[in-house]
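Colleague: The structure under discussion is supplied below as structure tokens; questions concerning it will follow.
Chains as they are written, first to last, in our numbering: chain D, 48 to 657; chain F, 52 to 131.
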């Protein structure tokens, strides 16, 4: 493939300490584009290979050396197209959920991997001792990482950049949480960006792989450079003119959502017991901007700059410099726990960054523990003196680091709310889908996002199909279930395409499928249109579904916590609402061509996946 | 008729002290529309992209009917 790609993938077997290059055919690239799409394609092939070896993928242990970890860029990554410094990370199985492992991240690592000469990396096996990989100017080496083991993400990144004398290199690494095999550990890159969900950091740690440093000066060729430059200018203009990408996100960051979601009565509070948080203003984007913001910090090639450089210079949680927090982190650590203390949120989020953990799963599991405690389900001995009440900021900060180091109740927080709530005898208090803690939108106030949570392949997640853009930020009736199946399907398939391109999902506030055709076409030279791109997205969503079907995940798992299905929202603008999931799900399966959560033979053939 | 107005994000440039915790109390005539309220607050109609009345979506031509209504005004916002 002449244009858009580096035409080279790296496969590393850490057990054998061997690596080799391989390539992906243009036919496969055209079907799956890159990023998540190619990763899903490779994982599907790997499932077949494991089955041929007689390995039952259903019982397959996510932390075994056989798990496959993939870092993937796409044709848009590392080009002049805006916000294209991103990459996608996948694992065959997540240690947190037992479903597929998947995360998308910003920073500059994705672009730098291409500049180093590679489109992606596949890692299998397990090194005997800790190692890290360097890919610099196309030259690959596996190094001893014994001296890095135990270092946090900031120490690891700066150590490697200094050692290789590459000050702007991309560094992906795990922190102590990953080393301790915490199932909600993340892979950090550029210190404060993360492939954040489903425990990818624990998978990386289980391979004794501490970090991957990438740097280089290569560039992908562009098929139609003049046309591409013109479209880049047009797209940048559209992003600048759009109210969300041109003003809301640059000024306030993602935390601008705290107030609007709360005003709609759907900001999950006290472990989703209500959607109304009377003190949400204290943890809002406006408060973050006025009292804690140092400056903005864009990812590579980003024209939006939602990233925040922050500090806390008063109160009990002082910190001179960190980044974030994002809307989801603020909500999970500060809203669901009802602490409404921005200083404590920033501190706990900083711990998540340096120790390498997913703040959504950490905060949400702490909130679940608070409700377990409220209901008297946690024995006094297990609390070890922690005053685990909703609203106790000290408890959130303390439990966050305890989770990274598997101390006391932190062990169960780290296992995730599903296992923890089961352990303490109240499984219904886990606000998760397929074992992944849901993000900060109560679907009793916006029904489409509930269908998206329920049917998401990786579990309870908003960035697989962000229907909130239509239901809360757009004009679609948030309470109706009519049309939500189609809305969800389109959002999910479009998102699969975005994560395969790979660039930033926030572009989609201003750019649609036509604009994606205007990027991918001139870069690759393919004559693509929006219909073909949406079909590619559908193909990727379906193949990912076929993989999780192999794990025994089917329609029974496409569900929501009982609280959302049966307990009416007790107060506020969404009062009295529940989610009629079954009706939406039936329509969704019909539209998808799925039977009980499994793609039909006809659909598999139609998408060329037979 | 008494109402409470809350403004958010960039709309606070004009009303820096008005927030969820400190809404603006206003007396308006019965029959006032949201468009008229936006004009009374000296916002351009284009600036205000999302209007909630007691947490429910409303449009500029809607009339504010209820005493003590809470009107939440937002510019274009988004995130994830």
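The beta-carbon is built from N, C-alpha and C at its ideal position, and this holds for glycine as well.
Bear in mind that the values here come from a model prediction, so they are computed numbers and not experimental data.
Since residue 128 of chain F is in the beta strand (DSSP E), which residue starts that stretch and which ends it?
Modeller: Per DSSP, residue 128 of chain F belongs to no beta strand (DSSP E) and is neither H nor E.
Colleague: Using a Cβ cut-off of 9 Å, pull out every chain F residue sitting near residue 553 of chain D, in sequence order please.
Modeller: Near residue 553 of chain D (Cβ distances below 9 Å), the residues of chain F are 129, 130 and 131.
Colleague: Can you find a C-beta in chain F that's less than 9 Å from the C-beta of residue 327 of chain D?
Modeller: Judged by the 9 Å Cβ criterion, residue 327 of chain D is in contact with chain F.
Colleague: Near residue 559 of chain D, which residues of its chain fall below 7 Å by C-beta distance, leaving aside the five closest residues on each side in sequence?
Modeller: For residue 559 of chain D, where only same-chain residues beyond five positions count, there are no Cβ hits under 7 Å.
Colleague: Run down chain D in chain order and give the residues with a C-beta less than 7 Å from the C-beta of residue 72 of chain F.
Modeller: The answer, in chain order, is 328.
Colleague: Straight-line CA distance for residue 232 of chain D to residue 444 of chain D?
Modeller: So the two alpha carbons sit approximately 17 Å from each other.
Colleague: Taking Cβ-Cβ distances shorter than 9 Å, what residues in chain F pair up with residue 335 of chain D?
Modeller: Simply none; closest approach about 12 Å.
Colleague: Give the residues from the region 86-115 of chain F that approach chain D closer than 8 Å (Cβ to any Cβ), ordered along the chain.
Modeller: Within the region 86-115 of chain F, the qualifying residues are 100, 101, 103, 105, 106, 107 and 108.
Colleague: Rounding to the nearest angstrom, what Cα-Cα distance links residue 389 of chain D and residue 126 of chain F in this structure?
Modeller: Cα-Cα distance, rounded: 23 Å.
Colleague: Quick check on DSSP: helix, strand or coil for residue 127 of chain D?
Modeller: DSSP places residue 127 of chain D in coil when its eight states are reduced to three.
Colleague: So which of D/420, D/190 and D/123 has the shortest CA-CA distance to residue 278 of chain D?
Modeller: The shortest Cα separation from residue 278 of chain D among D/420, D/190 and D/123 belongs to D/123.
Colleague: Could you tell me whether the region 324-341 of chain D touches the region 585-598 of chain D, using the rule of 3 or more Cβ pairs below 8 Å?
Modeller: Because the criterion of three Cβ pairs below 8 Å is not met, the region 324-341 of chain D and the region 585-598 of chain D do not touch.
Colleague: Report the three-state DSSP secondary structure of residue 547 of chain D (helix, strand or coil).
Modeller: It is helical.
Colleague: Leaving out five residues before and five after residue 112 of chain F in sequence, what residues of the same chain have Cβ atoms less than 7 Å from its Cβ?
Modeller: Same-chain partners within the cutoff: 84 and 86.
Colleague: Considering residue 72 of chain F, what are the terminal residues of the beta strand (DSSP E) in which it resides?
Modeller: Neither: residue 72 of chain F is in no beta strand (DSSP E) and is coded neither H nor E.
Colleague: Name the chain D residues that come within less than 7 Å of residue 61 of chain F, Cβ to Cβ?
Modeller: Ordered by position in chain D, the residues that pass the 7 Å Cβ test against residue 61 of chain F are 294 and 298.
Colleague: Based on the DSSP output, what are the partners of residue 220 of chain D in its beta bridges?
Modeller: According to DSSP, residue 220 of chain D bridges with D/235 and D/258.
Colleague: Taking the alpha-carbon positions, what's the residue 95 of chain D to residue 89 of chain D distance?
Modeller: The alpha-carbon atoms of residue 95 of chain D and residue 89 of chain D are separated by roughly 10 Å.
Colleague: Around the Cβ of residue 166 of chain D, are there at least 16 other Cβ atoms within 10 angstroms (buried) or fewer (exposed)?
Modeller: It counts as buried.
Colleague: Can the beta-carbon of residue 369 of chain D be found closer than 9 Å to that of residue 409 of chain D?
Modeller: Not in contact: residue 369 of chain D and residue 409 of chain D (Cβ atoms no closer than 9 Å).
Colleague: Note the first and the last residue of the continuous beta strand (DSSP E) segment covering residue 108 of chain F.
Modeller: Here the beta strand (DSSP E) through residue 108 of chain F covers 107-109.
Colleague: If you follow the alpha helix (DSSP H) that residue 554 of chain D is part of, which residue opens it and which one closes it?
Modeller: Careful: residue 554 of chain D lies outside any alpha helix (DSSP H) and carries neither H nor E.
Colleague: Secondary structure at residue 470 of chain D, three-state DSSP: helix, strand or coil?
Modeller: Correct three-state label for residue 470 of chain D: helix.
Colleague: Starting from the C-beta of residue 64 of chain D, find all residues in its chain whose C-beta is less than 6 Å away, skip the five residues before and the five after it, and write them out in chain order.
Modeller: Here the set comprises 189.
Colleague: Quick check on this structure: which residue in D/586, D/606 and D/476 has the alpha carbon closest to the alpha carbon of residue 78 of chain D?
Modeller: When only C-alpha atoms are compared, the closest one is D/586.
Colleague: With DSSP as the reference, label residue 276 of chain D as helix, strand or coil.
Modeller: Residue 276 of chain D falls in the helix class under three-state DSSP.
Colleague: Examine chain F for any beta-carbon lying closer than 9 Å to the beta-carbon of residue 550 of chain D, and answer yes or no.
Modeller: No, residue 550 of chain D lies away from the interface with chain F (no Cβ there is under 9 Å from its Cβ).
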